[in-house]
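Numbering (our numbering), first residue to last: 8 to 480. I have placed the structure first, in the form of structure tokens, so that the comments after it can refer back to it.
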């Protein structure tokens with residue numbers, strides 16, 4: 008009779024197969040049976056040594072609890088590997104760099120996408136190419152969303168990590184406001200993404216001053232707004248989404264250089280700035296500070312009709328006491344969003360690379376990702392969790408505040424928008440230093456001191472000089 012294999016046995020067998028390539032010494036040269044043919048074996052083989060590996064990461068209470076739950080399951084399935092979770096919510100990079108400098112790097116870790124390529128270049132990360140490709144589960148074709156997974160996790164054809172998940176910016180909106188104004192809200196279907204000009208038209212209808220006037224009306228008071236239409240944050244992820252929608256790039260990966268001085272990019276940056284400066288439909292940072300409210304609070308209280316935020320924000324925005332809707336971003340030339348998330352990596356200095364691989368592998372399987380999907384913090388990177396059957400394991404319809412997580416139609420964000428229109432933004436070695444030049448120039452755009460074209464033309468050559476110097480080293 009054929010015996011059904013349970014999940015634990017399956018993962019043990021698959022994991023042993025996949026991890027065989029990390030260290031040649033871990034691969035047996037002959038089976039125990041072959042070595043003792045004809046002999047009476049009276050003693051069982053010795054138990055494997057129990058080792059403890061470290062795992063560092065940041066995040067709030069949800070991430071901390073999710074990792075701890077995963078460690079418990081992993082240790083049950085791998086009784087000879089213990090995982091010491093080092094939760095580091097603040098000064099994370101400084102912490103792991105200090106550990107590395109002291110000769111005690113973490114065995115495994117969260118790595119920022121902005122730092123990943125630099126760590127690889129410096130030889131800090133474990134090459135997991137062989138065990139990953141040999142693994143029958145995580146190494147299978149189309150296990151991950153591609154080509155995005157390969158784009159973010161490899162350098163020169165070698166794998167040095169596996170993405171934790173995907174997250175992406177999109178629109179959140181207070182559906183009660185749209186209903187009150189008699190306006191059809193935006194859609195989760197990327198094929199129905201609003202054209203930019205139509206988006207501006209609706210944004211003006213949704214923006215109201217204290218006297219009930221809209222932008223463009225005689226007497227409109229831009230200094231006393233009762234309700235804003237849109238909040239579009241001015242940091243890299245939501246900005247990259249706009250640039251990609253206009254056919255531009257933040258990074259040119261063929262040259263390894265910053266490309267936000269090109270017309271497609273500067274046009275998109277200016278369009279975001281003009282939401283505040285020209286069209287008066289978005290609050291400036293100073294206005295938000297004066298209100299003392301988050302975008303979530305503004306949505307809930309009706310002070311904001313739409314907010315652009317990351318998909319991770321669903322985990323708390325879903326709790327607002329209002330009818331919540333979500334939608335794809337408006338398009339300039341084409342639908343687009345940014346795809347992002349931290350990467351799970353092993354450190355090359357680990358004394359236990361085989362065990363580190365086993366843990367990284369576990370983090371790339373269903374159990375770990377499901378916990379965060381269920382609360383709205385993550386989007387899946389595993390294609391099996393995007394199928395109708397897979398989504399039944401984590402997707403819950405939000406029917407009222409506190410009842411379910413995902414607003415009506417959100418499945419389109421998961422299955423259509425992100426995998427088909429998502430653009431990965433990953434940074435080359437030296438980008439952290441280059442960004443110290445770029446960010447102040449971006450700030451000058453938002454306050455109107457310079458146009459996007461002026462600001463980027465002035466600083467991108469200097470930023471690229473830093474990146475070129477890194478390429479030459």
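Built from N, CA and C at the ideal position, the CB exists for glycine as well.
Rounded to whole angstroms, how far is the Cβ of residue 217 from the Cβ of residue 233, which I believe are closer than 8 Å?
Yes, residue 217 and residue 233 are in contact; Cβ-Cβ is about 5 Å, under 8 Å.
Considering only the alpha carbon of each residue, which of 351, 443, 92 lies closest to residue 75?
Ranking 351, 443, 92 by Cα distance to residue 75 puts 92 first.
With distances taken Cα to Cα, identify the nearest neighbour of residue 256 among 430, 464, 478.
Among 430, 464, 478, the Cα nearest to that of residue 256 belongs to 430.
Between 318, 306, 292, 163, which lies nearest to residue 424 when the distance is taken from Cα to Cα?
Selected option, being the one with the closest Cα: 318.
Does DSSP put residue 267 in a helix, in a strand, or in coil?
Coil.
Of the residues 406, 332, 356, 389, which one's Cα is nearest the Cα of residue 107?
Among 406, 332, 356, 389, the Cα nearest to that of residue 107 is on 356.
On the three-state DSSP scale, how would you describe residue 450?
It is helical.
Please state whether the Cβ-Cβ distance between residue 96 and residue 206 is less than 7 Å.
No; because the gap between Cβ atoms is not below 7 Å, this pair is not in contact.
Compare the Cα-Cα distances from residue 346 to each of 176, 142, 119 and report the closest residue.
Of the candidates 176, 142, 119, the one whose C-alpha sits nearest the C-alpha of residue 346 is 176.
Are three or more beta carbon pairs between the segment 232-246 and the segment 286-303 nearer than 8 Å?
Touching, yes, given that three or more Cβ pairs across the two stretches are closer than 8 Å.
With DSSP as the reference, identify every bridge partner of residue 314, one or two as the case may be.
Paired residues: 179, 238.
Are residue 364 and residue 88 closer than 7 Å when you measure CB to CB?
No, they are not a contact pair.
Taking residue 450 as the reference, which of 241, 103, 230, 61 has the closest Cα?
Cα-wise, what sits closest to residue 450 is 241.
Is it the case that the Cβ atoms of residue 78 and residue 90 are separated by a distance below 7 Å?
Yes. Within cutoff.
How many whole angstroms separate the CB atoms of residue 275 and residue 252, which I take to be in contact at a CB cut-off of 8 Å?
Their Cβ separation, rounded to whole angstroms, is 7 Å, which keeps residue 275 and residue 252 in contact under 8 Å.
In this structure, how does DSSP classify residue 223 when only helix, strand and coil are distinguished?
DSSP places residue 223 in coil when its eight states are reduced to three.
Could you have a look at residue 389 and say whether DSSP puts it in helix, strand or coil?
Residue 389 falls in the strand class under three-state DSSP.
What separation, rounded to the nearest whole angstrom, lies between the Cα atoms of residue 40 and residue 146?
Because the pLDDT of residue 40 is 33, which lies under 50, any placement of that residue in the model is unreliable, and the number read from its coordinates should be weighed accordingly. Taking the straight line joining both Cα atoms gives about 29 Å.
Which term fits residue 410, buried or exposed, when burial requires 16 or more other beta carbons within 10 angstroms of its beta carbon?
Result: exposed.
What did DSSP end up calling residue 341 once you bin it into helix, strand or coil?
If DSSP states are grouped into helix, strand and coil, residue 341 belongs with coil.
Quick one: residues in its chain with C-beta nearer than 6 Å to the C-beta of residue 463, no 5 flanking neighbours on either side, listed in chain order?
Result list for residue 463: 267, 268, 273, in chain order.
Just to confirm my understanding: we take residue 478, look at its own chain, exclude 5 residues before and 5 after, and list those with CB closer than 7 Å. What are they?
So the list reads 263, once near-sequence residues are dropped.
Along the chain, where does the alpha helix (DSSP H) that runs through residue 73 open and close?
Residues 68-84.
Once the 5 residues before and after residue 371 are set aside, which same chain residues still bring their CB inside 6 Å of it?
Result list for residue 371: 145, 169, in chain order.
Is the beta carbon of residue 4 less than 7 Å from the beta carbon of residue 360?
This structure does not reach residue 4, given that the chain is present from 8 up to 480, and the question cannot be answered.
Is it buried or exposed, residue 454, if we count other Cβ atoms within 10 angstroms and call 16 or more buried?
By the 10 Å Cβ count, residue 454 comes out exposed.
With C-beta atoms as the reference, is residue 277 less than 7 Å away from residue 459?
Result yes, Cβ atoms of residue 277 and residue 459 sit closer than 7 Å.
Applying the 10 Å Cβ sphere with the 16-neighbour rule, what's the burial state of residue 500?
Outside the displayed span of the chain (8 to 480) sits residue 500, for which this structure offers no information.
Run through DSSP, which three-state label would residue 64 get?
The answer is strand: DSSP assigns residue 64 an E or B state.
Does the segment 380-400 come into contact with the segment 306-315, if we say contact requires no fewer than three beta-carbon pairs (one atom in each stretch) closer than 8 Å?
These segments do not touch.
Have a look at residue 43 and residue 84 and give me their C-alpha separation to the nearest angstrom.
Low confidence applies here, because residue 43 scores a pLDDT of 38, under 50, leaving its location unreliable and the question unanswered by this model.
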